[in-house]
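Numbering (full-length UniProt numbering), first residue to last: 1 to 319.
See the structure below:
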């Protein structure tokens, strides 16, 4: 497979990579992050990710409708059953890769097939989780996908390559992987969604938040993939970098300016307007009822988190 010659001719991309490295380092220095707050961001980002990835492929559910289908199990009038399944399936696929995303994880073909099976479950049962055995035509693409007989070996080669320590920046490597996966087009359907999920699995296992390519960038995205078919990854890399930086900014925006407000519970209980004792607040922290995280043996939280819990509890009493 002659695809290992690639270029990205843009000095601004190198500057962007350096800036992203700085933000990633900044986020790493803030770890461990408060679990409750992290989960809220992850849940919100997962809905956005599902909406955008499906919308790129033509799903007409809005962001709000996607959220209702996933969180409330609501059927949206005028939308197809397939579109509902696509939303639920993608959310399950995110949960699957979140389980895999740890530093020692090594990508393998079995997980690729399992991920694809989740994407197409209840939609294309005959093809879910299986490489294609026939040719496919891709509308709007400037290339012909490889013969089905080569898919297995091409996928093995791609997986071996991405697992190697090639010396490439992770974001560059994942952008190339993303394109090569789409180029191989190993499945009859669901290739784009699977490619974006796998790209993010590779990022998440190294501590990056998922890079969500937006529906509004759909045309740019497909144009970038077509340019990459000719060996120029500049446009695709730019989109991936923008998506990665946006997610980093979301995390940093939630934590960078507020991190210093976290204090040991032993300090917070000395505040005049905090009526709870250390043992009770520690219990709330362990149960996840307040925004808190553990550093060594000590729980840290904010006075605001405790006050918010107090006020919420008081409101419930009055109902």
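We put the CB at the ideal spot given by N, CA and C, even for glycine.
Residue i: buried (16+ other C-beta within 10 angstroms of its C-beta) or exposed?
i           : result
residue 59  : buried
residue 32  : exposed
residue 134 : exposed
residue 116 : buried
residue 55  : buried
residue 91  : buried
residue 247 : buried
residue 171 : buried
residue 173 : buried
residue 287 : exposed
residue 74  : exposed
residue 65  : buried
residue 128 : buried
residue 190 : buried
residue 192 : buried
residue 312 : exposed
residue 314 : exposed
Under 7 Å Cβ to Cβ from residue i, same chain only, skipping five residues before and after it: list those, please.
i           : result
residue 252 : 23, 26, 27
residue 217 : 239
residue 46  : 91, 94
residue 303 : 268, 271, 274
residue 243 : 211, 212, 213
Once you ignore the five residues that flank residue i on each side, which residues in its own chain have a CB closer than 8 Å to its CB?
i           : result
residue 101 : 201, 204, 205
residue 37  : 254, 255, 291
residue 107 : 159, 162, 163, 198, 201, 202
residue 2   : Reliability of the predicted coordinates at residue 2 is poor, the pLDDT of 47 falling under 50, and the value obtained from them is presented with this limitation in mind. Here the set comprises nothing.
residue 132 : 148, 151, 185, 186, 187, 188
residue 39  : none
residue 250 : 41, 45, 209
From the options, pick the residue whose C-alpha is nearest to that of residue i; which is it?
i           : options            : result
residue 145 : 180, 85, 172, 156  : 180
residue 164 : 233, 303, 104, 185 : 104
residue 118 : 277, 151, 169, 194 : 194
residue 72  : 87, 172, 309, 78   : 87
residue 13  : 262, 125, 302, 241 : 241
residue 186 : 315, 110, 155      : 155
residue 130 : 99, 110, 166       : 110
residue 196 : 50, 318, 42        : 50
residue 124 : 137, 35, 89        : 89
residue 230 : 113, 142, 157      : 142
residue 320 : 175, 310, 41, 278  : Examination of residue 320 is not possible in this model, given that the chain is present from 1 through 319 alone.
residue 122 : 308, 289, 85       : 85
residue 97  : 169, 113, 249      : 113
Could you pull out every residue in the same chain whose Cβ sits closer than 6 Å to the Cβ of residue i, ignoring the five residues on either side in sequence?
i           : result
residue 228 : 179, 236
residue 214 : 52
residue 67  : 47
> Does the count of Cβ pairs from the segment 260–268 and the segment 280–298 closer than 8 Å reach three?
Replying inline: yes
> If you pair each beta-carbon of the segment 54–72 with each one of the segment 277–292, do three or more pairs fall below 8 Å?
Replying inline: no
> Quick one: any contact between the segment 218–227 and the segment 13–21, if contact means 3 or more CB pairs under 8 Å?
Replying inline: no
> Can you give, in chain order, each stretch of the alpha helix (DSSP H) that sits fully within the segment 185–224 and has at least 4 residues?
Replying inline: 191–204
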